[in-house]
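Engineer: Dropping a structure here in structure tokens format, bear with me for questions.
Residue numbers (this note's numbering), protein chains in the order written: chain Y, 213 to 607; chain G, 213 to 607.
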């Protein structure tokens with residue numbers, strides 16, 4: 213599927229001087245006001261743009277633009293933080309002749325250094341001037357913090373005869389020391405969607421995707437996922453619990469899946485893509501706790517890196533997860549779909565299969581708790597020497 | 213202080229064939245029955261000897277012996293597990309002519325492989341025969357799982373004219389893949405101590421020591437700390453809330469401190485000893501959550517490894533800890549006692565000092581939450597490439 217902006221959206225990405233040479237400032241714009249939904253980091257230390265954008269979204273005004281800078285997170289910058297975030301918005305508002313409450317702002321990059329706000333303000337007129345229907349790639353490049361390629365996906369669906377486009381792009385866990393592993397994701401659609409349907413769809417799509425990935429268990433100060441719908445497709449508004457909603461949700465989820473999996477694959481030093489699934493848990497909370505405990509265990513992650521099928525570490529992670537309903541003798545552990553632990557003890561699989569475990573690029577850990585009906589899936593990567601190297605390096 | 217067994221204790225350590233050559237079977241014995249207290253792993257997947265020993269302790273019978281094997285954890289071994297643990301105890305009981313309920317059993321080593329119980333049973337008579345007042349070093353060597361040297365400490369105190377000896381030895385996180393990072397610690401004293409004072413002292417001593425260390429956040433299936441007091445010193449029983457109790461507790465805590473710090477220093481690939489302190493938290497729970505979040509953050513640990521004073525990662529770990537009372541603008545971060553974050557932003561310390569942060573072998577991270585009166589300290593190590601290498605290696 214060709215990667216294009218949905219109807220009515222313009223985008224641009226330029227270099228304003230936060231990075232040495234690469235693009236570092238992005239703008240998304242829709243002349244038609246967008247309905248908007250957002251999901252933000254649960255870290256209690258939130259970057260200024262997260263706080264400011266959350267406040268804007270609460271006002272329920274139509275959103276026309278999102279300005280995003282990379283190379284600086286505008287986080288832990290004291291009272292300058294919100295002031296500088298708002299100055300970014302004011303600059304955009306002035307150039308585009310739109311109100312302050314119709315603009316969102318995002319940042320990603322180094323923590324604790326004041327934003328070079330003049331560089332951004334001086335570049336906004338150019339950023340606005342270069343807005344284009346073909347600006348998608350430029351914008352997606354300008355939000356990156358490391359050299360990894362931009363991740364962009366487009367889906368086309370037809371709702372009651374109207375063609376609808378959904379496009380998403382994201383930046384992931386590629387850190388520049390001493391940055392955080394910030395995830396920023398932008399989802400744009402020309403569909404007309406009811407406000408509550410839009411919020412619901414973003415939540416549903418993010419639950420099994422953006423909210424189910426972990427690189428190292430650390431939660432960033434800037435994580436944000438934004439969904440804008442400008443209604444240019446002219447369809448009858450998509451409402452919850454309709455066939456149209458299902459079709460829209462499916463396409464949106466598909467994009468979120470791709471983007472979130474890319475973020476894992478771009479994880480520092482990652483050599484394996486790991487799917488951790490917990491089945492038959494007593495509660496959803498238990499299922500999530502166990503899945504995250506396994507996915508964030510350095511012992512499990514290093515054993516996967518070393519292609520060492522160590523089910524004992526998985527069993528121990530289950531026990532250490534803090535989940536309430538764990539009966540050790542009921543736990544089953546499957547590595548790459550081979551059952552290696554059952555009835556409280558090691559199960560000897562056929563020799564050949566066991567030797568194949570963890571050899572592929574995509575590996576899986578599945579735990580059946582046999583304690584109920586809930587399940588959870590978390591995606592992660594292995595833990596390599598390269599991860600340590602990247603994150604220990606002096607900036 | 214010379215490392216000796218307290219009066220009335222004998223010890224031995226021999227090779228029974230679980231390891232290739234090194235000693236792998238240890239016995240502690242006291243003719244006088246001991247009052248005993250124990251602290252065990254909170255992992256829901258508990259090794260068989262943990263379950264069996266907990267059950268013995270519950271009966272409140274005098275304890276005469278502890279048998280411990282290394283190289284095999286007797287964990288995840290199905291119904292063989294408790295049977296083999298009990299067979300170890302029976303063998304000791306038969307040789308020493310003591311009852312089953314007067315014996316504790318411990319194991320550490322590989323998970324999921326049945327214990328070669330005959331090898332142990334066949335060696336118990338020799339183990340009993342070699343019991344000696346000078347057997348402390350042999351026993352402390354026999355509980356190790358890697359080549360690191362045994363860690364033994366002795367403290368002497370005088371209580372109302374009676375000399376009391378406390379001796380402790382432990383094995384730490386040195387894993388042999390695919391083992392767990394099991395911690396076993398043995399604390400022996402010839403003091404006469406009231407049962408409740410003994411339990412209280414172990415809990416108090418362990419709280420700030422064994423319960424405050426973390427290498428990689430993973431909790432083992434076999435972790436156990438046992439305190440035995442045989443009363444040979446003939447002192448008037450030490451009771452809670454007395455001066456004697458304070459003196460005893462201080463000496464016991466001192467040994468636990470030394471042993472737990474050794475465990476961190478022996479952590480795989482550790483190059484730094486890290487003290488994480490959280491001050492002025494609203495609740496004890498918050499203080500512990502924040503301290504553990506920082507201590508287990510791969511980003512913080514790698515930055516310490518790289519001697520990269522990255523306060524942003526510390527601030528983010530505070531926010532991601534799940535602690536309830538976090539006001540980002542009130543947080544202060546001190547790295548090696550230099551305040552680098554205050555009033556919601558980076559504080560520029562004098563150049564020289566900043567460059568010195570994390571350069572020493574012992575480093576510290578201190579966070580003041582300014583939210584209350586509770587505090588917590590956790591000890592950990594850095595995260596190095598060596599850690600990944602050791603734990604990724606195929607066994």
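Note that beta-carbon positions come from the ideal geometry of N, C-alpha and C, so glycine has one too. All values derive from a computational prediction rather than experimental measurement.
(1) Please confirm if residue 606/Y has its CB atom under 8 Å from at least one CB of chain G.
(2) Any chance the stretch 307–323 of chain G sits against the stretch 258–270 of chain G, with 3 or more Cβ pairs inside 8 Å?
(3) With 9 Å as the limit, tell me which residues of the stretch 268–300 of chain Y have their beta carbon closer than that to any beta carbon of chain G; keep them in chain order.
(4) Quick check: is the beta carbon of residue 302/Y nearer than 8 Å to any beta carbon in chain G?
(5) Contact criterion: CB-CB distance below 8 Å. Does residue 492/Y meet it with respect to chain G?
(6) Can you tell which of 335/Y, 344/Y, 332/Y, 336/Y has its C-alpha closest to the C-alpha of residue 242/Y?
(7) Can you find a CB in chain Y that lies within less than 8 Å of the CB of residue 386/G?
(8) Which first and last residues belong to the beta strand (DSSP E) in which residue 276/G is found?
(9) Residues bridged to residue 287/G by DSSP?
(10) For a test of the three-state rule: what should DSSP assign to residue 376/G, helix, strand or coil?
(11) Per the contact definition of three or more C-beta pairs closer than 8 Å, is the stretch 408–415 of chain Y in contact with the stretch 433–452 of chain Y?
(12) How about residue 517/Y: is its C-beta nearer than 8 Å to some C-beta of chain G?
(13) How many whole angstroms separate the CB atoms of residue 424/Y and residue 526/Y, which I take to be in contact at a CB cut-off of 8 Å?
(14) Below 8 Å on the Cβ atoms is my guess for residue 579/G versus residue 490/G; work out the distance and round it to an integer in Å.
(15) Between which two residues does the alpha helix (DSSP H) harbouring residue 574/Y extend?
(16) Against chain Y, with Cβ distances strictly below 8 Å, would residue 596/G count as a contact?
(17) Return the Cβ separation of residue 258/Y and residue 433/Y in integer angstroms, given the expectation that the two are a contact with Cβ distance under 8 Å.
(18) Tell me where the alpha helix (DSSP H) around residue 460/Y begins and ends.
(19) Would residue 528/Y pass as an interface residue toward chain G - the criterion being a Cβ-Cβ separation below 8 Å?
(20) Answer yes or no: does any C-beta atom of chain G fall closer than 8 Å to that of residue 485/Y?
(21) Are the beta-carbon atoms belonging to residue 229/Y and residue 337/Y less than 8 Å from one another?
(22) According to DSSP, is residue 593/Y part of a helix, a strand, or is it coil?
(23) What residues in its chain sit with their C-beta under 7 Å from that of residue 569/Y, if we drop five residues either side in the sequence?
(24) Taking the Cβ atom as the reference point for each residue, do residue 556/Y and residue 492/Y lie within a distance shorter than 8 Å?
(25) Since residue 582/G meets chain Y, which of its residues come closer than 8 Å, beta carbon to beta carbon?
(26) Of all the CB atoms in chain G, is at least one closer than 8 Å to the CB of residue 320/Y?
(27) Buried or exposed for residue 552/G, going by 16 or more other Cβ atoms inside 10 Å?
(28) On a Cα-Cα basis, can you pick out the residue from 474/Y, 237/Y, 247/Y that is closest to residue 383/Y?
(29) Using DSSP bridges, identify the partner residues of residue 551/G.
(30) With 8 Å as the threshold, decide whether the Cβ of residue 390/Y is near any Cβ in chain G.
(31) Does the beta carbon of residue 400/Y come closer than 8 Å to any beta carbon on chain G?
(32) Rounding to the nearest angstrom, what Cα-Cα distance links residue 217/Y and residue 558/Y in this structure?
(33) Using the beta-carbon count (16 or more within 10 Å), is residue 567/G buried or exposed?
(34) I think residue 445/G touches residue 375/G, with their Cβ atoms under 8 Å apart; what is that distance to the nearest whole Å?
(35) Do we get a CB-CB distance below 8 Å when we pair residue 334/Y with the residues of chain B?
Structural biologist: Taking the definition as stated:
(1) In the first chain, counting from the first residue as 1, residue 606/Y sits at position 394. Its pLDDT being 49, under 50, residue 606/Y is placed unreliably by the model, and the measurement read from it follows with that caveat. Cβ-Cβ to chain G under 8 Å: yes for residue 606/Y.
(2) yes
(3) 285, 287, 288, 289, 290, 291, 292, 293
(4) The residue given as residue 302/Y occupies position 90 in the first chain. So no, residue 302/Y is outside the interface.
(5) Along the first chain, one-based indexing puts residue 492/Y at 280. No - not a single Cβ of chain G is within 8 Å of the one on residue 492/Y.
(6) Translated into the one-based positions of the first chain, residue 242/Y becomes position 30. Nearest option by C-alpha distance: 344/Y.
(7) Along the second chain, one-based indexing puts residue 386/G at 174. Per-residue confidence for residue 386/G stands at a pLDDT of 49, beneath the threshold of 50, marking its modelled position as unreliable; no derived number is given.
(8) What you label residue 276/G is simply residue 64 of the second chain in a count that begins at 1. Residue 276/G -> beta strand (DSSP E) spans 275–281.
(9) Locating residue 287/G in the second chain gives position 75, counting from the first residue. The partner list for residue 287/G (beta bridge, DSSP) is empty, contrary to what the question assumes.
(10) Working through the second chain from its first residue, we reach residue 376/G at position 164. Reduced to three states, the DSSP call for residue 376/G is strand.
(11) Contact holds: three or more Cβ-Cβ distances are below 8 Å.
(12) In the first chain, the residue the question calls residue 517/Y occupies position 305. Taking Cβ atoms only, chain G reaches closer than 8 Å to residue 517/Y, which makes this a yes.
(13) Taking the first chain and counting its residues from 1, one reaches residue 424/Y at position 212. Taking the first chain and counting its residues from 1, one reaches residue 526/Y at position 314. About 18 Å separates the two Cβ atoms, so there is no contact after all.
(14) Along the second chain, one-based indexing puts residue 579/G at 367. Along the second chain, one-based indexing puts residue 490/G at 278. In this structure residue 579/G is in contact with residue 490/G, their Cβ atoms being roughly 5 Å apart against a cut-off of 8 Å.
(15) One-based indexing of the first chain puts residue 574/Y at position 362. Element bounds for residue 574/Y: not the alpha helix (DSSP H) but the beta strand (DSSP E), 574–580.
(16) Position 384 of the second chain, counting from 1, holds the residue named residue 596/G. By this cut-off, residue 596/G is an interface position.
(17) For this step, residue 258/Y is matched to residue 46 along the first chain. For this step, residue 433/Y is matched to residue 221 along the first chain. Contact flag correct, Cβ pair sits at about 6 Å.
(18) Residue numbering aside, residue 460/Y sits at position 248 when the first chain is read from its first letter. 455–477 is the extent of the alpha helix (DSSP H) around residue 460/Y.
(19) If you number the first chain from 1, residue 528/Y lands on position 316. Yes, its Cβ sits closer than 8 Å to a Cβ of chain G.
(20) On the first chain, position 273 is the one that residue 485/Y refers to. Closer than 8 Å to the CB of residue 485/Y there is not a single CB belonging to chain G.
(21) One-based indexing of the first chain puts residue 229/Y at position 17. One-based indexing of the first chain puts residue 337/Y at position 125. Contact flag unset, no.
(22) Along the first chain, read from residue 1 onward, the residue named residue 593/Y stands at position 381. Strand.
(23) As a position in the first chain, residue 569/Y is number 357, starting the count at 1. Same-chain partners within the cutoff: 521, 547, 548, 550.
(24) Along the first chain, one-based indexing puts residue 556/Y at 344. Along the first chain, one-based indexing puts residue 492/Y at 280. It is not a contact, given that the beta carbons lie outside the stated cut-off.
(25) If you number the second chain from 1, residue 582/G lands on position 370. Result: empty, since nearest Cβ-Cβ is about 14 Å, beyond 8 Å.
(26) Along the first chain, one-based indexing puts residue 320/Y at 108. So, not an interface residue.
(27) By one-based count along the second chain, residue 552/G stands at place 340. Looking at its Cβ environment, which holds 16 or more other Cβ atoms inside 10 Å, residue 552/G is buried.
(28) Here residue 383/Y corresponds to residue number 171 of the first chain, with the count starting at 1. When only C-alpha atoms are compared, the closest one is 474/Y.
(29) Within the second chain, the letter at position 339 stands for residue 551/G. DSSP, once it has assigned bridges, lists 546/G as partnering residue 551/G.
(30) Taking the first chain and counting its residues from 1, the one referred to as residue 390/Y is at position 178. Here the model assigns residue 390/Y a pLDDT of 34, short of 50, so the residue's position is not dependable and the matter cannot be decided.
(31) For the purposes of this step, residue 400/Y is taken as residue 188 along the first chain, with counting starting at 1. No, residue 400/Y lies away from the interface with chain G (no Cβ there is under 8 Å from its Cβ).
(32) Residue numbering aside, residue 217/Y sits at position 5 when the first chain is read from its first letter. Residue numbering aside, residue 558/Y sits at position 346 when the first chain is read from its first letter. Taking the straight line joining both Cα atoms gives about 52 Å.
(33) The count along the second chain starts at 1 and reaches residue 567/G at position 355. With fewer than 16 other Cβ atoms within 10 Å, it is exposed.
(34) Numbered from its first residue, the second chain carries residue 445/G at position 233. Numbered from its first residue, the second chain carries residue 375/G at position 163. Rounded, the Cβ-Cβ distance is 7 Å, consistent with contact.
(35) Considering every chain present, this structure includes no chain B. Its protein chains are Y and G.
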